[in-house]
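Asker: This structure is in structure tokens; I'll ask about it shortly.
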Amino acid sequence: MAGLALVAVLLIAAAVLVLQAASAASKAATAADLAALAAADVARGLATGDPCAAASSVAGRHGARVQDCTIGGAGPGTALVRVSVGVAGPLPDALGAARAGPPP
Numbered sequence: 562m563a564g565l566a567l568v569a570v571l572l573i574a575a576a577v578l579v580l581q582a583a584s585a586a587s588k589a590a591t592a593a594d595l596a597a598l599a600a601a602d603v604a605r606g607l608a609t610g611d612p613c614a615a616a617s618s619v620a621g622r623h624g625a626r627v628q629d630c631t632i633g634g635a636g637p638g639t640a641l642v643r644v645s646v647g648v649a650g651p652l653p654d655a656l657g658a659a660r661a662g663p664p665p
């Protein structure tokens, strides 16, 4: 009986970790999308300031950290942003990346 209870607890703990990882991955993807859009707006002159600073600000408001920000790499006015979101427990950070700008 104790063995069955232990197995149940371990399964629940594993399920919680999987759900946390899935939530963090979704959060990272969303933050990357929004950060890339903000950076591209600045790069295209639609907003003022530094594109990567805008990306960092938006990512931070969504619980993410910018790992890399490249402006103009895929053409003028484009932004490629990579972000990470921390995951509680032993799992590595969730990563997200997005490109924004005018159509290729």
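Residue numbers (my numbering): 562 to 665.
Quick reminder that beta carbons are idealized off the backbone N, C-alpha and C, glycines included.
Nearest by alpha-carbon distance to ALA599: which of ALA640, LEU578, ALA563, LEU572 is it?
Answerer: Along the sequence shown, one-based indexing puts residue 599 at 38. Of ALA640, LEU578, ALA563, LEU572, the residue nearest in Cα terms is ALA640.
Asker: With a 10 Å radius around its C-beta and 16 neighbouring C-beta atoms as the bar for buried, classify VAL619 as buried or exposed.
Answerer: The residue you call residue 619 lines up with position 58 of the sequence shown. It counts as buried.
Asker: Is the beta carbon of GLY636 closer than 8 Å to that of ALA592?
Answerer: Against the sequence shown, residue 592 aligns to sequence position 31. Against the sequence shown, residue 636 aligns to sequence position 75. Contact flag unset, no.
Asker: Which residue marks the beginning of the beta strand (DSSP E) containing ALA655, and which one marks its end?
Answerer: Residue 655 sits at position 94 when you count from the first residue of the sequence shown. Run containing ALA655: 655-661, per the beta strand (DSSP E) assignment.
Asker: On the three-state DSSP scale, how would you describe ASP672?
Answerer: Limits of the chain in this structure are 562 at one end and 665 at the other, which puts residue 672 out of reach.
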